[in-house]
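**Q**
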Amino acid sequence: MTAAREALSAGAAYPSDDQVDAILRASRALVGIAAASMADVVDTITVPQFRVLVMLSGRGPLNLGAVAENLNVNPSNASRTCDRLVKANLVCRSESDADRRLVLLSLTPGGRRLVGKVTRRRRAAIRRVLLSMGDEDRDAVAAALASFADAAGEVDEGDALGLFWPTS
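Following the working numbering, the numbering of the sequence shown begins with 41 at its first residue and continues without gaps.
(1) Assess contact between the region 85-92 and the region 123-143, defined as three or more Cβ pairs (one per stretch) separated by less than 8 Å. Is contact present?
(2) Closest to D140 by CA distance: which of N103, L154, A118 is it?
(3) Going straight from the alpha carbon of A200 to that of V155, what length do you get?
(4) So L147 packs on V158, CB below 8 Å; how close in whole Å?
(5) Out of curiosity, what's the CA-to-CA distance linking G151 and D80?
(6) Go ahead and pull the three-state DSSP assignment for V143.
(7) What is the DSSP secondary structure of V131, reduced to helix, strand or coil?
(8) In or out: N114 buried (at least 16 other Cβ within 10 Å) or exposed?
(9) Along the chain, where does the alpha helix (DSSP H) that runs through I85 open and close?
(10) Is the beta carbon of V143 less than 7 Å from the beta carbon of R133?
(11) Report buried or exposed for Q89, applying the criterion of at least 16 other Cβ atoms within 10 angstroms of its Cβ.
(12) Please tell me whether A106 and A118 are closer than 7 Å, where the distance is taken between their beta carbons.
(13) Identify whether N103 lies in helix, strand or coil by the three-state DSSP scheme.
(14) On the DSSP letters alone, give me the boundaries of the alpha helix (DSSP H) that D137 sits inside.
(15) Given A69, which residues of its chain have a CB within under 6 Å of its CB, disregarding the five upstream and five downstream residues?
(16) According to DSSP, is N117 part of a helix, a strand, or is it coil?
(17) State the DSSP-derived secondary structure class of M95, mapped to helix, strand or coil.
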């Protein structure tokens with residue numbers, strides 16, 4: 041039984057349209073922050089390429105099959121994306137010490153810098169929004185979003201990459 045079904049069977053009320061609309065409004069704000077944080081790197085990388093960089097940043101070296109699986113895309117799509125990242129010197133390939141047949145993908149120093157730059161921008165933008173709120177509202181929003189992320193199954197940035205993303 042899913043968490044949603046368990047909650048409903050335990051007597052939780054069905055989410056109202058107002059609740060859903062409030063989350064949609066907040067998600068639009070967060071999407072805007074995410075887009076703005078990438079404004080000066082969109083000439084360098086695409087959003088799907090950034091997803092790969094974030095995954096490698098959070099999980100460390102992975103083989104191409106793991107990248108494709110975690111992003112919920114075909115291996116050929118993952119391969120093309122990673123090829124472009126290698127050409128841009130944001131990702132490097134290396135042999136696995138455990139199995140020389142496996143090629144591992146990992147971030148280069150430039151890839152780490154790019155992920156760090158975008159993440160710092162996102163954090164700064166979120167902090168500016170939070171500064172415009174009172175302490176109690178900030179605490180309530182943080183607690184509510186943590187609960188929402190838990191309910192969505194989001195564990196960390198790397199694991200979140202495949203959540204609800206359309207399959208190829």
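Each residue gets a CB set at the ideal place from its N, CA and C atoms; glycine is no exception.
**A** The answer reads as follows:
(1) yes
(2) Taking the first residue of the sequence shown as 1, we reach residue 140 at position 100. Position check: residue 140 holds Arg in this sequence, whereas Asp was assumed. The shortest C-alpha separation from R140 is found at N103.
(3) In the sequence shown, the residue the question calls residue 200 occupies position 160. In the sequence shown, the residue the question calls residue 155 occupies position 115. Because A200 sits at a pLDDT of 48, beneath the cut-off of 50, its placement in the model cannot be relied upon, and the following sentence gives the value as read from the coordinates. Rounded to the nearest angstrom, the two C-alpha atoms are 16 Å apart.
(4) For this step, residue 147 is matched to residue 107 along the sequence shown. For this step, residue 158 is matched to residue 118 along the sequence shown. About 13 Å; that fails the 8 Å criterion.
(5) The residue given as residue 151 occupies position 111 in the sequence shown. The residue given as residue 80 occupies position 40 in the sequence shown. Using only the alpha carbons, I get a separation of about 15 Å.
(6) Taking the sequence shown and counting its residues from 1, one reaches residue 143 at position 103. If DSSP states are grouped into helix, strand and coil, V143 belongs with the strands.
(7) In the sequence shown, residue 131 corresponds to position 91, counting from 1. Strand, per DSSP.
(8) On the sequence shown, residue 114 is found 74 positions in, with the first residue counted as 1. It is exposed - the Cβ of N114 has fewer than 16 other Cβ atoms within 10 Å.
(9) For the purposes of this step, residue 85 is taken as residue 45 along the sequence shown, with counting starting at 1. No alpha helix (DSSP H) holds I85; DSSP gives it neither H nor E.
(10) Taking the first residue of the sequence shown as 1, we reach residue 143 at position 103. Taking the first residue of the sequence shown as 1, we reach residue 133 at position 93. Contact: yes.
(11) If you number the sequence shown from 1, residue 89 lands on position 49. When all chains shown are included, Q89 counts as buried.
(12) In the sequence shown, residue 106 corresponds to position 66, counting from 1. In the sequence shown, residue 118 corresponds to position 78, counting from 1. No, these two residues do not count as a Cβ contact at 7 Å.
(13) Along the sequence shown, read from residue 1 onward, the residue named residue 103 stands at position 63. DSSP places N103 in strand when its eight states are reduced to three.
(14) The residue labelled residue 137 in the question sits at position 97 within the sequence shown. Counting along the chain, D137 falls outside any alpha helix (DSSP H), and DSSP gives it neither H nor E.
(15) As a position in the sequence shown, residue 69 is number 29, starting the count at 1. There are no such residues.
(16) Here residue 117 refers to the residue found at position 77 when the sequence shown is read from its first residue. Reduced to three states, the DSSP call for N117 is helix.
(17) Position 55 of the sequence shown, counted from the start, is the residue given in the question as residue 95. Reduced to three states, the DSSP call for M95 is helix.
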